[in-house]
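Heads up: the sequence shown begins at 99 in the numbering used here, then just goes up one per residue. Backbone N, C-alpha and C fix where the C-beta goes; we use that ideal spot for every residue, glycine too.
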Amino acid sequence: MTRALALGAVVVALAAGPARAADPRPQPKEADLGQKRQVAPDASLGGSLQAAKKVAEPGGPKLDFETFRKKVEVDISAKRREEIASLQQLIQLGGGSATETPQWYFRLAELLWEESQYFFFEANRRDDRIIEIGTSNPGEVGRLQEEKKGLDQQSRRLQEQAVALYKAIISRYPSYPRLDEVLYFLGENLSRRDRNDPDALKAYRALIQKFPSSRYVPDAWMAFGEYYFERANKNDRNGNLRKALESYRKAAEYQESSVYGYALYKQGWVHYNLGNWSEALELFRGVIFFGEMPTSTVPADRKLALVKEARKDYVRTYSHVGSAEGAWDDFRRVGGQTGWWDMLKSLAGLYFDEGKDRDAVLVYHRMIQEKPLSVEAPFFQSRIVTCAGRMGRKDAAVAQAHVFVRMLRDIEASAEGKDPKNAKVLKDARRDAESTLRILAVQYHNEWKKTRDDPVAGYAAAVYKDYLDVFPGEPPAYEMRFFHAELLYALADFEAAGAEYERVALADVQALKAKPQAGQPAPKPGKFFKDALENAVFAYDLVAKKLDETEKRQPSDPKKKLAMAPQRQKLAEACQRYLEYQPRGEKWVEVAYKLANLHYRHNAFGEASDLFTRIALDHPQHELAGYSANLVLDAYNLLGDWRNVNGWAKRFYDNRALIAAHPQLKDDLSRVIEQSAFKVIEEKEKAQDFVGAAEQYLAFARDWPTSRLAPTAYYNASVDYVRAHRLDRAMEIREQFLQRYPTHTLAPKSLYDNAEAYEAVADFGRAADHYERYFQAWRAASRREPPPAAKGKARARGKAAAAVAEAPAGPPAVYEEKKANDAIVNAAVFRAGLREWAKAEAATRAYLDTWPNGPDARRMFRSLADLYGKQGQASRELRQLEEFQLKYARDPEDWMDAQQRIAAIQEKSGNGAAAQRTYQAGYAYWRRNRDKVKERGLGLVAQAMYLELEDDFGKYDKITLDVAPNYLKAQLQVKGRKLKQLEDAYGEVVKLKQAGPAICALYKIGLGYERFARALHAAPIPREIRGNKAFVEEYRAQLTQASEPLERKAVEGFELAANASRDYGVVNACARDASAMLAKAKPDQAGAASAEVVPPVPAPPIAEAPKGYGILAEIQPVQSRPAAGAPRAAEAPLPVLRLQPAGARSAAAEPGDPRPGRTAAEPADARSGRADAEPQLPRRKKGGDEDEDLLP
């Protein structure tokens, strides 16, 4: 199914040009890698953590008695040989006295013994040399062996001569003063020659019995003790040990003797062998204390050795009877500051070797606490890990392993760890830890294989990781890493498993690439190389699949390679390694397909096609060969390389083995070969030969009328004609398309494109026809009715009818509601612009019937009022506006805007009373909703406010100054206050910045001051002075002087009105009256202020083209033609009102006068602008501030 879909996509895409949207890329089939082979670690890789089998307790001390015997210096020199020769001559010559001759014998025996020792040492040196040479020089070894043999013989000969001389002295000179020494050295030499020589014991016994006060007696007793001590290991163990103990005690009676300390030491060993632990501890402790005493009789050069061995043996004995917890304090007392640490180490080692794991952990842990940064700490911690493992505490073993790793890294990085003298200590720690971690990891892994206990697997993985972090370069690390990967894979941690497999494989790759040494065979990979290569693919494949499940892939440009996610990049590298190093591997095809698929998905089509073609051509019978052939074609399809699509399709078609194994490919490839020629047309498009490309598309449609690509060819031809600026031809082809394929999926687009094209060439009538057809087709489709046929077109006959009948069934045409909405709006606008009122009204009604609450419903409903107004149907226009207020004017601004228009219609119709009521109703509505009204509707408010002030102005104007002189001042104040109230009220109108009302309000302010000044001039002359001409003139002069400020104020008001008229570009009756008043007041400036001055003529507006949704000229710009009877463009909005004098400008039109009695409606322009502050009519009140300028 996947293959069919993918190849189908190629076939469909063959008919789609690069400028059209391509179908989504099909998801290729995944390669099934099959079952992964599982490998378990061999137990031999690990080993055992169990303590070594318990060996026999040592029967005696390492410190030999010979160390404490009387020593005779061995002087190695020719001088000794000369002395021997001289003594031998003296003895041969004779003549010595009874005192001298035994003395000569004794001295000669000493010298001969020393010489025998010399030859003995020389013979041993030959042994050292033989060991050093080994098997490299057999001739030299033979020569050295002969030399050794001669030296041994010489040593024995000299030794026998010395013994003979001692015996001669004893037998011949029994009264020799130094006979005790002779007996001692005789015994010593005999025992050295043979430790069990009975004559030696006889000599010692004679010494003890005959010379009890001799200084050699303690040594003689020690010799007896040593004899019995050694015999205890052969027979009568307890009996001989007791005899030895008695002899040692005899020797210890001589505290001044040099053997006293050793005698105590050996007593301790006898008790140890007898199992008397407490007695042994006491004796060993005594030896330690005695050896450390300054007055000790132990020779200085042997004291250190004795104390050291006594401490060790004390620790050994303590391990039998003491506790791990108490050792800390006990050893500090016994060992002192210099010895307690070594004693603790010895005790921990004994516990560890004997399998006393708990005690060992306690001691090692205490020592780490004491010296956490010591270079010995890692070794102690490694022993703790081993003990935890032997105790079966997996959790503790893993936790302590983590501690070891951290500790080792910290200490190795420290200055002490980098000191070369500490290298051996750290090396021992690493050796111990390496073995322990390896054994634990393998044991836990194999245990999990049997029990499937998840916690055990976790312990194994943790130990594996610690091992590989610390010992990556050890020989077992290769296998450990592989089995770590196996465990991680089994635990579904595929990414980590893949990384470990990869490291194993890379180690083997590095070995293969290494240059072989001269004379050595070529390097070979490890035994898990193949498995590591294959398993890395397995692991990273699962990681990539998990990413596929969560990642949302976005469409991309096929010609731009995509960067692979790190997870997929790892899979690609693993696949590439497998293909390189396993060219004949069992899973080569699956891995190659997987790698090719990765390249394909990331637009690396060159690499993908190379692998896909190798699979299809070299392994045609494999299941993936058919998919690979398909994906090769799809890759070239995505690149738009149609020539390669055609060429590879032919090559696959000619491969008999491939077609035989995958027969379903035959028909698909046949269609690809047949239709791939269609894509060659695009070469002309790329060469900008759009007319030629369009003609070939049409030829293709004629030659392949039943092809699924035939409709697309027609449509593409229209697109290319547009590109060639042949818009007329493009529209013609689209019309043909709509006749042949009215239900095709591209039919709606063609219809809408033609509507926009007619709009672009200003053929608004045909544009409206097509927009209406689109709307009707959409409505019919939504109601499942047959779409309407094009008007004015005859039914297709002959070939055309056959083409329609034979046209392939494709996806159904889909008309979009948004476009249908835009289309009917555009149609309504165009019909109105063409003054086709009935059709415009029908289109508008169609919109409102379909979308009564649509986004354009309010505008469309009100546009009906515009239609009626343009037709002079004032009553229908009025009703439409009133209905608009009820249905759609939810926004107060919309309501006010409609209300103002209603008032204007009533004024224009001569119904001033109705207009007055409309203004009042609007003004009352505004006061209720003033916080919601912004710009629109303020024109009505300003006009209503202005009209409401007319009555007040009339009342003001009626205030006369024809009063008695004593009332004149009060009357002036009344009129002044009234004028001030009017000025404030008109100022509120001005603040609304509505052109007509603002101009008239300013004019009325000026007029108010002018009337006040006129009233002053007309004030009657008081009766008292009428007869006195001078008084009358003086009185009139005072009135004139009092009126001058008022006249100036009046002129200022008229100037502001005239300036406002210029700024707004509006000339009404108020503006003309203001200009007239200015002409009277300033006749010298009358020309500049005249309202008859022609304003600057603006550029003539472009003839109105119908406006609507969609483009006007997207494909080919065409100059608009003015539509007959089209409505005039709206006038430009007024500029912001300025209250300062400005240059003379007059309006271009007279929009009307807001004063009562006028019938001309205020133009729409008067609605522009915003008030600086919320306008309010001033409240009328008595009294108040007086304007000083109004007072006489």
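Measuring CB to CB, does Phe959 end up less than 7 Å from Phe982? Yes, they are a contact pair.
Suppose contacts are defined by Cβ-Cβ distances below 7 Å. Is Ile1103 in contact with Glu1081 by that definition? Between Ile1103 and Glu1081, the C-beta spacing is below 7 Å.
Per DSSP, His842 is paired with what? According to DSSP, His842 shares a beta bridge with Pro910.
Segment contact flag, the region 780-787 with the region 796-810, C-beta cutoff 8 Å, min 3 pairs: The region 780-787 vs the region 796-810: no contact.
Compute the beta-carbon to beta-carbon distance between Ala249 and Arg224, rounded to the nearest angstrom, for a pair I have assumed lies under 8 Å. Note that residue 249 corresponds to Leu in the displayed sequence, not to Ala. Between Arg224 and Leu249 the Cβ distance is about 7 Å, and since that is below 8 Å, they are a contact.
Let me know the alpha helix (DSSP H) ranges lying completely inside the region 743-815, each 4 residues or longer, listed in chain order. Scanning the region 743-815 for uninterrupted alpha helix (DSSP H) segments of 4 residues or longer gives 754-759, 763-784 and 788-801, listed from N- to C-terminal end.
Quick check on the burial criterion: 16 or more other C-beta atoms within 10 angstroms. Buried or exposed for Lys847? Taking all protein chains in view, the Cβ of Lys847 is crowded by 16 or more other Cβ atoms within 10 Å, so the residue is classified as buried.
Inter-residue Cα distance where the pair is Asp130 and Phe636: Linking Asp130 to Phe636 through their CA atoms gives a straight-line distance of about 10 Å.
N-terminal and C-terminal residue of the alpha helix (DSSP H) that Thr948 is part of: Note, Thr948: alpha helix (DSSP H), Trp935 to Thr948.
Limits of the unbroken alpha helix (DSSP H) element including Tyr58: Here the chain covers residues 99 to 1290 and nothing more, so residue 58 does not appear.
Between which two residues does the alpha helix (DSSP H) containing Lys1089 stretch? If you look at Lys1089, you'll find it in the alpha helix (DSSP H) that goes Pro1063 to Lys1089.
If you count every other CB in all the chains shown that lies within 10 Å of the CB of Arg1075, and 16 or more means buried, which is it? Buried, by the Cβ-count rule.
In three-state DSSP terms, what is Asn374? DSSP, reduced to helix, strand and coil, places Asn374 outside both helices and strands of the structure shown, so it counts as coil.
Measure how close the beta-carbons of Ile845 and Ala815 come, nearest whole angstrom, since I'm counting them as under 8 Å. Residue identity check: residue 845 is Ala in the sequence provided, not Ile. 15 Å between Cβ atoms; not a contact.
Could you say which of Leu696, Asn728 and Arg293 lies nearest to Leu756 if we only look at CA atoms? For the residues Leu696, Asn728 and Arg293, the minimum Cα distance to Leu756 belongs to Asn728.
Can you tell me the Cα-Cα spacing of Glu452 and Asn544, whole angstroms? Glu452 and Asn544 have their C-alpha atoms some 27 Å from each other.
Output needed for Glu471: all residues of its chain with C-beta closer than 6 Å, excluding positions within five of it in sequence on either side, in chain order. Going by the sequence as given, residue 471 is Leu instead of Glu. The beta carbon of Leu471 lies closer than 6 Å to none in the same chain, with the five residues before and after it left out.
Over the uninterrupted alpha helix (DSSP H) stretch that includes Ala318, give me the two end residues. In this chain, the alpha helix (DSSP H) harbouring Ala318 covers Val315 to Arg329.
Rounded to the nearest angstrom, how far is the Cβ of Glu705 from that of His697, given a contact under 8 Å? Yes, Glu705 and His697 are in contact; Cβ-Cβ is about 4 Å, under 8 Å.
Residue of Ala539, Phe750, Gly285 and Asp411 minimising C-alpha distance to Tyr363: Checking every option, the nearest Cα to that of Tyr363 belongs to Asp411.
What three-state label does DSSP hand Asp739 in the structure shown? In this structure, DSSP gives Asp739 a state outside helix and strand, which the three-state scheme calls coil.
Unbroken alpha helix (DSSP H) run spanning Gly132, endpoints: In the DSSP assignment, Gly132 falls outside any alpha helix (DSSP H), carrying neither H nor E.
Give me, in chain order, the residues of the same chain whose beta-carbon lies closer than 6 Å to that of Val261; leave out the 5 immediate sequence neighbours on both sides. Here Val261 has Asn287 as same chain residues with Cβ atoms under 6 Å from its own Cβ, once five neighbours each way along the sequence are excluded.
Terminal residues of the continuous alpha helix (DSSP H) containing Ser480? Taken as a continuous stretch (DSSP letters only), the alpha helix (DSSP H) holding Ser480 covers Ala475 to Arg488.
Rounding to the nearest angstrom, what Cα-Cα distance links Gly970 and Ile1003 in this structure? Roughly 11 Å separates the two Cα atoms.
Give me the Cα-Cα distance between Asn919 and Asn951, rounded to the nearest whole angstrom. Distance from the CA atom of Asn919 to the CA atom of Asn951, rounded to whole angstroms, is 12 Å.
For Pro1273, which residues of its own chain have a beta-carbon under 6 Å away from its beta-carbon, when the five flanking residues on both sides are left out? Its pLDDT being 38, under 50, Pro1273 is placed unreliably by the model, and the measurement read from it follows with that caveat. Here the set comprises Glu1086, Lys1089 and Leu1090.
Is the beta carbon of Ala422 less than 7 Å from the beta carbon of Phe382? No, these two residues do not count as a Cβ contact at 7 Å.
Using 7 Å as the threshold, is the C-beta distance between Phe788 and Arg821 below it? Remark: C-beta atoms of Phe788 and Arg821 approach each other more closely than 7 Å.
Around the Cβ of Ser376, are there at least 16 other Cβ atoms within 10 angstroms (buried) or fewer (exposed)? Exposed, because fewer than 16 other Cβ atoms sit within 10 Å of the Cβ of Ser376.
6 Å Cβ shell around Ile482 - same chain, five flanking residues per side excluded: Val459, Tyr462 and Gln498.
How big is the Cα-Cα spacing for Lys469 and Ala475? Their backbone Cα atoms lie some 7 Å apart in a straight line.
Under the three-state DSSP convention, the category Tyr725 falls into: In this structure, Tyr725 counts as helix in the three-state DSSP scheme.
By the DSSP assignment, the alpha helix (DSSP H) with Leu524 in it spans what residues? Element bounds for Leu524: Ala521 to Thr549.
Could you round the C-beta distance between Leu209 and Ile182 to whole angstroms and report it? I think they count as a contact, below 8 Å. About 5 Å separates the beta carbon of Leu209 from that of Ile182, a gap short enough to meet the 8 Å contact definition.
So, is Asp428 buried or exposed, given that buried needs 16 or more other C-beta atoms within 10 angstroms? Around the beta carbon of Asp428, a 10 Å sphere encloses 16 or more other beta carbons of the protein chains shown; the residue is thus reported as buried.
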